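Undergrad:
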Amino acid sequence: MVLATTLLMTGCMHRYTPPESPMPPNTVLLSQMMRELSAQPGFTEALIQQITGAADDKRGPALLTPDLVRTLRKLILGKDWRGLDRFPGWTMAAITPTVGVVDKFVGKDQTPGSAPASNPGQPGSSSSVQTFLDLGPYALDQQQTVSFDEPSNLPPFTTQGLITQLGKAVQRGDGPNDLAPEHPESQRLADALNRLSANSLDGARPFSVSLNGQTASTPQDLINALSANGHTVTVIDARYFANFGHLHYSARGSSGPTQDVMMPFWVNTGFAVPGTGGPLDWGARPLLVPVSHAQYEWSIRGPKINADVSYYYGVDGKSEWRTMDTLDQAWVLKRAAHTYTGAQALEVTRLTGLLTIAYMHQHERRPGLPFGGYYTLGVCQDGVAAIEKRMTGTATLFPNTADNSLFDDPRDAEVNALIDAIPKDRNGAPPQPERIFGSLPADPGPDGSFSAITIPGFADDLKLSYAAWQDGHLHRLHSHRFYWTVGAVAFGGAAALIVLALSRRRR
Numbered sequence: 000m001v002l003a004t005t006l007l008m009t010g011c012m013h014r015y016t017p018p019e020s021p022m023p024p025n026t027v028l029l030s031q032m033m034r035e036l037s038a039q040p041g042f043t044e045a046l047i048q049q050i051t052g053a054a055d056d057k058r059g060p061a062l063l064t065p066d067l068v069r070t071l072r073k074l075i076l077g078k079d080w081r082g083l084d085r086f087p088g089w090t091m092a093a094i095t096p097t098v099g100v101v102d103k104f105v106g107k108d109q110t111p112g113s114a115p116a117s118n119p120g121q122p123g124s125s126s127s128v129q130t131f132l133d134l135g136p137y138a139l140d141q142q143q144t145v146s147f148d149e150p151s152n153l154p155p156f157t158t159q160g161l162i163t164q165l166g167k168a169v170q171r172g173d174g175p176n177d178l179a180p181e182h183p184e185s186q187r188l189a190d191a192l193n194r195l196s197a198n199s200l201d202g203a204r205p206f207s208v209s210l211n212g213q214t215a216s217t218p219q220d221l222i223n224a225l226s227a228n229g230h231t232v233t234v235i236d237a238r239y240f241a242n243f244g245h246l247h248y249s250a251r252g253s254s255g256p257t258q259d260v261m262m263p264f265w266v267n268t269g270f271a272v273p274g275t276g277g278p279l280d281w282g283a284r285p286l287l288v289p290v291s292h293a294q295y296e297w298s299i300r301g302p303k304i305n306a307d308v309s310y311y312y313g314v315d316g317k318s319e320w321r322t323m324d325t326l327d328q329a330w331v332l333k334r335a336a337h338t339y340t341g342a343q344a345l346e347v348t349r350l351t352g353l354l355t356i357a358y359m360h361q362h363e364r365r366p367g368l369p370f371g372g373y374y375t376l377g378v379c380q381d382g383v384a385a386i387e388k389r390m391t392g393t394a395t396l397f398p399n400t401a402d403n404s405l406f407d408d409p410r411d412a413e414v415n416a417l418i419d420a421i422p423k424d425r426n427g428a429p430p431q432p433e434r435i436f437g438s439l440p441a442d443p444g445p446d447g448s449f450s451a452i453t454i455p456g457f458a459d460d461l462k463l464s465y466a467a468w469q470d471g472h473l474h475r476l477h478s479h480r481f482y483w484t485v486g487a488v489a490f491g492g493a494a495a496l497i498v499l500a501l502s503r504r505r506r
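Mapping of the sequence shown onto numbering that gives the first Met the number 0: residues 0 to 506, in sequence order.
Right, here's the structure in full:
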């Protein structure tokens with residue numbers, strides 16, 4: 000009984016309040032902004048509408064389902080600033096059902112394992128291509144050879160369509176980064192890589208790129224041609240903290256200085272932060288981590304073309320190459336988990352092209368999937384982790400959410416195997432710790448302090464958890480039922496001892 004009481008009083012009653020400092024320069028917490036603005040009529044709804052309505056360019060790490068929207072609104076209206084700065088803090092098992100009811104959509108699909116009948120001479124689904132694959136000026140139904148011998152004539156970078164004002168104090172969207180001057184070349188390269196991938200779609204007319212007399216008809220052919228003609232090609236597996244909001248705030252309105260708004264999307268890993276509970280870590284805090292964003296990035300440097308493009312499957316439902324011209328906020332960081340050159344860079348490019356087409360086939364077969372298939376068919380991590388597994392033998396990203404049963408199209412057998420080979424997190428079982436730490440955009444550093452991470456309180460939790468993992472003492476959270484059972488057993492044992500002592504005394 001004493002043990003049970005001790006467990007209850009030393010752990011369960013503790014409520015953790017995340018610190019609000021230190022912060023990176025020119026940055027405020029979401030809670031700080033909302034403290035000051037949530038009382039303005041209509042602002043909360045306008046903010047939520049912006050966050051849920053936008054779906055491109057890394058604007059969100061995870062879709063906001065109706066349940067998540069209700070939770071976010073409740074936190075803001077209830078002035079639960081602690082909860083807002085760790086939103087939503089759910090396990091993957093809690094998030095998965097909110098995505099919604101995939102089973103009823105799968106029923107509209109053809110018999111598993113069968114591919115839809117093609118219509119010779121016609122692109123398989125022009126509406127899907129227009130919605131989910133950016134081809135720029137390169138039409139799917141036109142045969143074309145494009146020369147890369149001359150500079151791109153595409154327009155320069157612009158923030159038009161990227162930045163939205165939410166009143167005088169808040170801006171959503173980011174300005175240019177130091178790669179923006181390359182935008183015409185980067186956009187042309189991204190469009191061409193997408194269109195070369197689309198050569199594999201049913202009914203697509205042949206498309207090719209020429210460079211110094213060499214013709215490329217696949218993405219890897221184009222990267223090989225660039226390498227063969229004096230260009231340096233480097234591909235990295237890049238990890239970031241995903242920016243949930245892309246918000247910028249000026250406390251003085253449009254005339255004042257603008258600050259970045261720190262807005263990660265937190266998930267519960269299922270592990271306990273060591274030392275934050277009572278005996279047996281009763282009441283220990285769960286290790287919450289911000290969702291990371293992963294993408295492959297191609298850097299091209301050479302005599303004719305300087306360009307930078309990325310690939311990922313995004314919240315817009317698009318699995319494709321994209322430009323990477325916008326400025327990331329300082330707290331999202333960046334880490335190159337792997338670097339590929341030469342033949343390895345060509346192989347990553349080939350596999351990326353296969354993923355692009357496999358997702359187009361998914362859109363053709365399952366046009367009714369909610370959120371364009373995002374989460375059900377995976378998130379940005381799934382494709383990157385699948386290629387990482389092929390290239391290195393391990394997959395170090397969390398979370399992965401693809402439903403393996405949907406990757407059954409015989410046209411995409413290699414991609415099906417890639418997706419099947421990586422661990423999934425749909426049921427919320429705690430991931431392998433190496434995936435938690437591998438997803439981070441910062442290394443632990445020589446002292447294991449994760450000092451590069453500037454999200455208040457998070458580096459401290461990581462330091463404790465990483466040290467415990469290295470020592471073999473990092474453990475999963477137990478349910479309250481477990482601890483009540485322990486307490487009940489302890490209580491029962493204590494009661495039995497008392498009865499035994501009294502009986503002996505009576506004798």
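We put the beta carbon where it would ideally sit given N, CA and C, even for glycine.
Please read all numbers here as calculations on a predicted model, not as lab measurements.
1. Just the C-alpha distance for E433 and W89, rounded to the nearest angstrom, thanks.
2. Across the segment 22-30 and the segment 142-154, are there enough close Cβ pairs to call them in contact, namely three or more that are closer than 8 Å?
3. Determine whether the beta carbon atoms of I75 and P263 lie at a separation below 9 Å.
4. Give me the Cα-Cα distance between P17 and L29, rounded to the nearest whole angstrom.
5. Whose CA, out of K73, R34, R425, L195, lies closest to the CA of V266?
6. By how many angstroms is the C-alpha of V288 removed from the C-alpha of P218?
7. On a CA-only basis, which of L165, K78, H472, D307 is nearest E184? Give me that one, please.
8. Quick one: using the 10 Å Cβ neighbour count with 16 as the cut-off for buried, is L326 buried or exposed?
9. Taking 6 Å as the limit between beta carbons, can you name the residues of its chain near A329, skipping five residues before and five after?
10. Could you compute how far the alpha carbon of G166 sits from the alpha carbon of M33?
11. From this set, D79, Q48, M91, which residue's C-alpha is nearest A513's C-alpha?
12. I'd like to know whether the C-beta atoms of H360 and R300 end up nearer to each other than 9 Å.
13. For a minimum of 3 consecutive residues, which ranges assigned as the beta strand (DSSP E) are wholly contained in the segment 122-173?
14. Would you mind sorting R58 into buried or exposed? The rule is 16 or more other CB atoms within 10 Å of its CB.
15. Could you give the uninterrupted runs of the beta strand (DSSP E) lying entirely in the segment 222-306, keeping only those of 3 residues or more?
16. Apart from the five residues on each side of it in sequence, which residues of its chain come closer than 6 Å, Cβ to Cβ, to Y311?
17. For G382 and S318, which I take to be in contact (beta-carbon distance under 8 Å), what is that distance rounded to the nearest angstrom?
18. Between I235 and T338, is the Cβ-Cβ spacing less than 9 Å?
19. From T348 to G255, what does the alpha carbon distance come to, in whole angstroms?
20. Check for me: the beta strand (DSSP E) holding P87 runs from which residue to which?
21. Go ahead and label Q143 buried or exposed: buried means 16 or more other beta carbons lie within 10 angstroms of its beta carbon, across all protein chains shown.
22. With DSSP collapsed to three states, give me the class of S464.
23. From A342 to V68, what distance separates their C-alpha atoms?
24. Across which residues does DSSP place V27 in a beta bridge pair?
25. Measuring CB to CB, does T322 end up less than 9 Å from L178?
26. For A495, count the other beta carbons within 10 Å of its own beta carbon; 16 or more makes it buried, fewer makes it exposed. Which is it?
27. For the candidate residues N399, D459, F449, whose alpha-carbon lies nearest to that of P430?
28. Determine the direct distance from the alpha carbon of R72 to that of Y15, and round the result to whole angstroms.
29. Give every residue of the same chain whose Cβ lies closer than 6 Å to the Cβ of S450, excluding the five residues on either side of it in the sequence, and list them in chain order.
30. Considering only C-alpha positions, which residue in the set P87, M261, H247 is nearest to E19?
31. Exposed or buried, P273, counting other C-beta atoms within 10 Å across all chains shown (16 or more means buried)?
32. Using 9 Å as the threshold, is the C-beta distance between G371 and T64 below it?
33. Cutting at 7 Å between CB atoms, please list the residues of its own chain near S464, excluding the five before and the five after it.
34. Could you name the residues of the same chain whose beta carbon sits closer than 6 Å to that of A344, not counting the 5 residues immediately before and after it, in chain order?
35. What number of angstroms, rounded off, separates the C-alpha of P205 from the C-alpha of N198?
36. Check whether the Cβ atoms of V208 and V128 sit closer than 9 Å, and answer yes or no.
TA: Looking at the atomic coordinates:
1. Against the sequence shown, residue 433 aligns to sequence position 434. Against the sequence shown, residue 89 aligns to sequence position 90. C-alpha separation (whole angstroms): 20 Å.
2. Segment contact: the segment 22-30 against the segment 142-154, fewer than three CB-CB distances shorter than 8 Å; contact not assigned.
3. Within the sequence shown, numbered from 1, the residue matching residue 75 stands at position 76. Within the sequence shown, numbered from 1, the residue matching residue 263 stands at position 264. Contact flag unset, no.
4. The residue given as residue 17 occupies position 18 in the sequence shown. The residue given as residue 29 occupies position 30 in the sequence shown. When rounded, the distance between both Cα atoms is 13 Å.
5. Residue numbering aside, residue 266 sits at position 267 when the sequence shown is read from its first letter. With distances taken between Cα atoms, V266 lies closest to R425.
6. Position 219 of the sequence shown, counting from 1, holds the residue named residue 218. Position 289 of the sequence shown, counting from 1, holds the residue named residue 288. Those two C-alpha atoms are separated by around 35 Å.
7. For the purposes of this step, residue 184 is identified with residue 185 of the sequence shown, where counting begins at 1. Comparing Cα-Cα distances from E184 to each of L165, K78, H472, D307, the minimum goes to D307.
8. Here residue 326 refers to the residue found at position 327 of the sequence shown. L326 is exposed by the Cβ-count criterion.
9. The residue given as residue 329 occupies position 330 in the sequence shown. Closer than 6 Å at Cβ, skipping near neighbours: P23.
10. Here residue 166 corresponds to residue number 167 of the sequence shown, with the count starting at 1. Here residue 33 corresponds to residue number 34 of the sequence shown, with the count starting at 1. In this structure, the alpha-carbon of G166 lies about 13 Å from that of M33.
11. Past the boundaries of the shown model lies residue 513; the chain is included only from 0 to 506, so the question cannot be answered.
12. Indexing the sequence shown from 1 puts residue 360 at position 361. Indexing the sequence shown from 1 puts residue 300 at position 301. No; because the gap between Cβ atoms is not below 9 Å, this pair is not in contact.
13. Fully enclosed beta strand (DSSP E) runs of 3 or longer: 143-146, 163-165, 169-171.
14. Within the sequence shown, the letter at position 59 stands for residue 58. With a pLDDT of only 38 at R58, under the threshold of 50, the placement of this residue in the model should not be trusted; the figure read from the coordinates follows. It is buried - the Cβ of R58 has at least 16 other Cβ atoms within 10 Å.
15. 231-240, 246-248, 258-261, 265-271, 285-289, 291-300
16. If you number the sequence shown from 1, residue 311 lands on position 312. Q294, C379.
17. Position 383 of the sequence shown, counted from the first residue, corresponds to residue 382. Position 319 of the sequence shown, counted from the first residue, corresponds to residue 318. Right, their Cβ atoms sit about 7 Å apart.
18. The count along the sequence shown starts at 1 and reaches residue 235 at position 236. The count along the sequence shown starts at 1 and reaches residue 338 at position 339. Cβ atoms of I235 and T338: closer than 9 Å.
19. As a position in the sequence shown, residue 348 is number 349, starting the count at 1. As a position in the sequence shown, residue 255 is number 256, starting the count at 1. T348 and G255: Cα-Cα distance of roughly 45 Å.
20. As a first step, residue 87 must be located in the sequence shown, where it is residue number 88. Per DSSP, P87 belongs to the beta strand (DSSP E) from 87-90.
21. One-based indexing of the sequence shown puts residue 143 at position 144. So Q143 ends up on the exposed side.
22. For the purposes of this step, residue 464 is taken as the residue at position 465 of the sequence shown. Three-state DSSP puts S464 in a helix.
23. Along the sequence shown, one-based indexing puts residue 342 at 343. Along the sequence shown, one-based indexing puts residue 68 at 69. V68 has its alpha-carbon roughly 45 Å from the corresponding atom of A342.
24. Residue 27 sits at position 28 when you count from the first residue of the sequence shown. The partner list for V27 (beta bridge, DSSP) reads V260.
25. As a first step, residue 322 is located in the sequence shown; it is residue number 323 there, counting from the start. As a first step, residue 178 is located in the sequence shown; it is residue number 179 there, counting from the start. Cβ atoms of T322 and L178: closer than 9 Å.
26. On the sequence shown, residue 495 is found 496 positions in, with the first residue counted as 1. Confidence at A495 is low in this model, with a pLDDT of 48, below 50, so its placement is unreliable and the value that follows should be read with caution. Flag for A495 reads exposed.
27. Within the sequence shown, numbered from 1, the residue matching residue 430 stands at position 431. Of N399, D459, F449, the residue nearest in Cα terms is N399.
28. Against the sequence shown, residue 15 aligns to sequence position 16. Against the sequence shown, residue 72 aligns to sequence position 73. Cα to Cα, Y15 sits roughly 21 Å from R72.
29. Translated into positions along the sequence shown, residue 450 becomes position 451. Around S450: G444.
30. Position 20 of the sequence shown, counting from 1, holds the residue named residue 19. Considering only alpha carbons, the answer is M261.
31. Within the sequence shown, the letter at position 274 stands for residue 273. Buried.
32. Working through the sequence shown from its first residue, we reach residue 371 at position 372. Working through the sequence shown from its first residue, we reach residue 64 at position 65. Not a contact, by the Cβ cut-off of 9 Å.
33. As a first step, residue 464 is located in the sequence shown; it is residue number 465 there, counting from the start. Counting only Cβ-Cβ distances below 7 Å, and skipping sequence neighbours, we find F270, V272, P273, L286, L473.
34. Working through the sequence shown from its first residue, we reach residue 344 at position 345. So the list reads V232, V234, once near-sequence residues are dropped.
35. On the sequence shown, position 206 is the one that residue 205 refers to. On the sequence shown, position 199 is the one that residue 198 refers to. Approximately 6 Å between the Cα atoms of the pair.
36. Looking up residue 208 in the sequence shown gives position 209. Looking up residue 128 in the sequence shown gives position 129. Not in contact: V208 and V128 (Cβ atoms no closer than 9 Å).
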